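Enquirer: Respectively, the protein sequence lines represent chains A and B.
FYI, in the UniProt record's numbering the residues of the first sequence are 1 to 327.
FYI, in the UniProt record's numbering the residues of the second sequence are 1 to 327.
Below: one structure in structure tokens.
2 protein chains.
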Amino acid sequence: MSVMEMSHRSKVFDDIIKTAEAKLRSVMGIPENYKVLFLQGGATQQFAMIPMNFMQGGTADYVVTGTWSKKAYQEAQKFGEPKEAGNGLDRDEAYIPRQDELTLNPDADYVHICENNTIAGTKWDYTPDTNGVPLINDMSSCILSEPVDVSKYAMIYAGAQKNMAPAGLTVAIIRDDFLKEVPASVPTMLNYNIQVKGESMHNTPPCWPIYVLMEVLTWIEGKGGLEAMKKLNEEKAAVLYDYLAESTLFKTQVDLKSKSLMNVCFNTGDAELDAAFAKEAADKGMPNLKGHRSVGGLRASIYNAFPIEGVEALVEFMREFEAKHAK
Amino acid sequence: MSVMEMSHRSKVFDDIIKTAEAKLRSVMGIPENYKVLFLQGGATQQFAMIPMNFMQGGTADYVVTGTWSKKAYQEAQKFGEPKEAGNGLDRDEAYIPRQDELTLNPDADYVHICENNTIAGTKWDYTPDTNGVPLINDMSSCILSEPVDVSKYAMIYAGAQKNMAPAGLTVAIIRDDFLKEVPASVPTMLNYNIQVKGESMHNTPPCWPIYVLMEVLTWIEGKGGLEAMKKLNEEKAAVLYDYLAESTLFKTQVDLKSKSLMNVCFNTGDAELDAAFAKEAADKGMPNLKGHRSVGGLRASIYNAFPIEGVEALVEFMREFEAKHAK
Chain A
1 MSVMEMSHRS KVFDDIIKTA EAKLRSVMGI PENYKVLFLQ GGATQQFAMI
51 PMNFMQGGTA DYVVTGTWSK KAYQEAQKFG EPKEAGNGLD RDEAYIPRQD
101 ELTLNPDADY VHICENNTIA GTKWDYTPDT NGVPLINDMS SCILSEPVDV
151 SKYAMIYAGA QKNMAPAGLT VAIIRDDFLK EVPASVPTML NYNIQVKGES
201 MHNTPPCWPI YVLMEVLTWI EGKGGLEAMK KLNEEKAAVL YDYLAESTLF
251 KTQVDLKSKS LMNVCFNTGD AELDAAFAKE AADKGMPNLK GHRSVGGLRA
301 SIYNAFPIEG VEALVEFMRE FEAKHAK
Chain B
1 MSVMEMSHRS KVFDDIIKTA EAKLRSVMGI PENYKVLFLQ GGATQQFAMI
51 PMNFMQGGTA DYVVTGTWSK KAYQEAQKFG EPKEAGNGLD RDEAYIPRQD
101 ELTLNPDADY VHICENNTIA GTKWDYTPDT NGVPLINDMS SCILSEPVDV
151 SKYAMIYAGA QKNMAPAGLT VAIIRDDFLK EVPASVPTML NYNIQVKGES
201 MHNTPPCWPI YVLMEVLTWI EGKGGLEAMK KLNEEKAAVL YDYLAESTLF
251 KTQVDLKSKS LMNVCFNTGD AELDAAFAKE AADKGMPNLK GHRSVGGLRA
301 SIYNAFPIEG VEALVEFMRE FEAKHAK
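This is the structure in structure tokens:
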């Protein structure tokens, strides 16, 4: 019987979910006073759960540095009076606002950031000082890509489908003392306390992605853990960023001090040429290089599992394309 | 690249999700005026979504015939004033109340039933007449086990993990005209209209279970469709129920006119003997025969994928056990 068929109440699956959690705690260095939850619904469901559980009609600070942090901010508006505490999309270059550019409210129930911005191509290069206000970090697209000091956050969450497991699993890591009583009107499945009490099995969890996460964590351990993953990811991204620095055709529209290691955004400055590049690359076996429709341009998503050889092949093709099209 | 890795926005996955839906429509005979949604969170999340979307502080009728319909009824109490319209757990025998035993409110926003009751071991043997009030059917544990006249229901839903696909997918089938405007306070992921608009891809869907569902539907087509599945399931269940009818040791505590084909509940009337049987059976490679802790006794769950040979082996062992232990 495979993990896809067995009961989630079986001894075998109980070992799997406990091992997955233990390995995640070990690989990420999650302190004992944090709960680890395996949930469903993606980060988008967390966008609602977080204000329903932790804002409860009050206020919270959202830093809007990308499409997803903006969606989180908009969703929170259903459940109270969140404020935009900073923005990284209001210049020509996508960027992460500096500490002194943030407008933080000391009475906020929490501050919410999205560490890596898949569409903008930026990543927080520092942890904002919130002066004691609990900090929540959406790490959907950078979790397990490098070490993280979990103790800086009241909560970390991530959709699993980038660096953890197949789509259908969402991981939430919440500090014990941040959990609070929730009104009875919150749906059972959206109440973190109930998920904590049920040890992620209030109902049937997404067993298969949890099993794959366990295996992915074993793979990361074999690579040497998150320090080693960081080195690999920096090497991979450098192949692209180094080429972009010297290219006369391609450039990036990202503030390089907060560049993403996972999503490298670039363009030729000419939408038609960008489209021609994406098409030719796809014909050569490199699909999915078109930037998100909301920003255009081109984007290489190079998550943990993507090999450096793939990035090298891409840059080789970019050089060829540049030779043909450079003015 | 496998389905577990590819983008849900890729052409390949677009074909998969459309094929899965088309096959489900074909196999179940879902009329064109019904939407098919692939969601997350299990039936438990539907227990909240249904009253949030369709009751909205009003009232609805819940028939409580098992643990899950009771949970659905309790969850609905967060969002309005639902009423218990019938009960199948208030006698020694688990049963499905007859039409004249139901107390239906003509002003209810809907009537909710759970067709197959996994823990009680019962199944609705008729479709209640709701006098025009929309009928919602939780088919989590019997969907695809036999033909269903979808047009009798305003909505059908099912967690996929019994007869459809690995855990992590929930299917909802909703008649167009039953969908209604939802207040802004409903979380985005819990709003059926948004899921309809996003064609089940408002965010990343559970791609792998959707792929497996497509494959399972192909398997059912190969077997001859739902009429053939019904015949197979009746044959399988008959092996057990026929034996139970003649056994002097084992009996079922289920009203046989509404017996489940998926979950056959039985017991010896002696909790210690039940436990001994479950243990000996597990030692013989037949685990998971212990009844749910809330009702005790024994239970054989024989979903679509379970072979008749397994039921025959179980009955053979029950005969041996009876020979040893019959008074």
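By construction, the Cβ of each residue, glycine as well, lies at the ideal position given by its N, Cα and C atoms.
All values derive from a computational prediction rather than experimental measurement.
Please confirm whether G80 of chain A and M55 of chain A have their CB atoms less than 8 Å apart.
Expert: Yes, these two residues count as a Cβ contact at 8 Å.
Enquirer: Determine the direct distance from the alpha carbon of M286 of chain A to that of G269 of chain A, and round the result to whole angstroms.
Expert: Approximately 21 Å, taken between the alpha carbons.
Enquirer: Does G159 of chain A have its Cβ less than 8 Å from a Cβ in chain B?
Expert: For G159 of chain A, the answer is yes, since a Cβ of chain B falls inside 8 Å of its Cβ.
Enquirer: Comparing the C-beta of A275 of chain B with each C-beta of chain A, is any distance below 8 Å?
Expert: No, A275 of chain B does not count as interfacial toward chain A.
Enquirer: Which of the three DSSP states, helix, strand or coil, is assigned to D100 of chain A?
Expert: In the structure shown, D100 of chain A sits in a helix (DSSP, three-state: H, G or I).
Enquirer: Quick one: does A326 of chain A have its CB under 8 Å from some CB of chain B?
Expert: Output row for A326 of chain A: interface = no.
Enquirer: Could you tell me whether the stretch 177–195 of chain A touches the stretch 29–40 of chain A, where touching means 3 or more Cβ pairs closer than 8 Å?
Expert: At 8 Å Cβ cutoff, the stretches touch.
Enquirer: Near A167 of chain A, which residues of its chain fall below 6 Å by C-beta distance, leaving aside the five closest residues on each side in sequence?
Expert: Correct list, in chain order: Q161.
Enquirer: Any beta-carbon of chain B closer than 8 Å to the one on H112 of chain A?
Expert: For H112 of chain A, the answer is no, since every Cβ of chain B falls outside 8 Å of its Cβ.
Enquirer: On a Cα-Cα basis, can you pick out the residue from A:N304, A:G132 and A:L273 that is closest to G297 of chain A?
Expert: Among A:N304, A:G132 and A:L273, the Cα nearest to that of G297 of chain A is on A:L273.
Enquirer: Find out if the Cβ-Cβ distance for the pair I113 of chain A, V63 of chain A is shorter than 8 Å.
Expert: Taking 8 Å as the Cβ cut-off, I113 of chain A and V63 of chain A qualify as a contacting pair.
Enquirer: Residues in the same chain with beta-carbon distance under 7 Å from V216 of chain A, minus the five sequence neighbours each way, listed in chain order, please.
Expert: Excluding sequence neighbours, V216 of chain A sits near M164 and A165.
Enquirer: How many Å lie between M189 of chain A and H202 of chain A at the Cα?
Expert: For M189 of chain A and H202 of chain A, the distance between alpha carbons rounds to 8 Å.
Enquirer: Closer than 8 Å, CB to CB, is N203 of chain B near chain A or not?
Expert: Taking Cβ atoms only, chain A reaches closer than 8 Å to N203 of chain B, which makes this a yes.
Enquirer: Short check: CB of T103 of chain B to CB of A85 of chain B, under 8 Å?
Expert: Their beta carbons are under 8 Å apart, which means T103 of chain B touches A85 of chain B by this criterion.
Enquirer: According to DSSP, is R319 of chain A part of a helix, a strand, or is it coil?
Expert: The answer is helix: DSSP assigns R319 of chain A an H, G or I state.
Enquirer: Which of helix, strand or coil does DSSP assign to D14 of chain A?
Expert: If DSSP states are grouped into helix, strand and coil, D14 of chain A belongs with the helices.
Enquirer: Assign K293 of chain A to one of three DSSP states: helix, strand, or coil.
Expert: The residue asked about is misnamed: residue 293 of chain A is Arg in this sequence, not Lys. The answer is coil: DSSP assigns R293 of chain A none of H, G, I, E or B.
Enquirer: Are the CB atoms of D177 of chain B and A43 of chain B nearer to each other than 8 Å?
Expert: Taking 8 Å as the Cβ cut-off, D177 of chain B and A43 of chain B do not qualify as a contacting pair.
Enquirer: Where do the ends of the alpha helix (DSSP H) carrying M49 of chain A lie?
Expert: Per DSSP, M49 of chain A belongs to the alpha helix (DSSP H) from G42 to I50.
Enquirer: Please classify T118 of chain A: is it buried, with 16 or more other beta-carbons within 10 angstroms of its beta-carbon, or exposed?
Expert: That one is buried.
Enquirer: Between the C-alpha atoms of N304 of chain B and N233 of chain A, what's the straight-line distance to the nearest angstrom?
Expert: Distance between the alpha carbons of N304 of chain B and N233 of chain A is about 45 Å.
Enquirer: Nearest to M262 of chain A by CA position, among A:M1, A:I308 and A:R9, is which residue?
Expert: Among A:M1, A:I308 and A:R9, the Cα nearest to that of M262 of chain A belongs to A:I308.
Enquirer: Does DSSP put S301 of chain B in a helix, a strand or coil?
Expert: S301 of chain B: strand per DSSP, three-state reduction.
Enquirer: Listing by chain order, which chain B residues have their CB less than 7 Å from the CB of S185 of chain A?
Expert: Within 7 Å Cβ-Cβ: K78.
Enquirer: Look up M155 of chain B in the DSSP assignment and say whether it is helix, strand or coil.
Expert: In this structure, M155 of chain B counts as strand in the three-state DSSP scheme.
Enquirer: Tell me, please, whether the CB atom of C207 of chain A is closer than 8 Å to any CB atom in chain B?
Expert: Chain B contact via Cβ: present.
Enquirer: Taking E75 of chain A as the query, report the chain B residues whose CB atoms sit under 8 Å from its CB, ordered along the chain.
Expert: Chain B residues near E75 of chain A: P187 and T188.
Enquirer: Around the Cβ of D107 of chain A, are there at least 16 other Cβ atoms within 10 angstroms (buried) or fewer (exposed)?
Expert: It counts as exposed.
Enquirer: Is the distance from the Cβ of T122 of chain B to the Cβ of K83 of chain B below 8 Å?
Expert: Not closer than 8 Å, so no.
Enquirer: Indicate, with yes or no, if the ligand ATP has a heavy atom lying under 7 Å from the CB of G168 of chain B.
Expert: Within the structure as shown, the ligand ATP is missing, as the structure has no ligands at all.
Enquirer: What does N288 of chain B touch in chain A if you count any residue whose Cβ is under 8 Å from its own?
Expert: Within chain A, the residues near N288 of chain B are S7 and S10.
Enquirer: Name, please, each residue of chain B whose Cβ falls closer than 8 Å to the Cβ of A48 of chain A.
Expert: P187, T188, M189 and L190, listed in chain order.
Enquirer: Going by Cα to Cα distance, which pick from A:D242, A:S301 and A:K18 is closest to R319 of chain A?
Expert: Among A:D242, A:S301 and A:K18, the Cα nearest to that of R319 of chain A is on A:D242.
Enquirer: What is the rounded straight-line gap between the Cα of V186 of chain B and the Cα of F277 of chain A?
Expert: Cα-Cα distance, rounded: 42 Å.
Enquirer: Beta-carbon within less than 8 Å of M229 of chain A's beta-carbon, same chain only, minus the 5 sequence neighbours each way: which residues are those?
Expert: Same-chain partners within the cutoff: L144, S145, E146, I220, K223 and N304.
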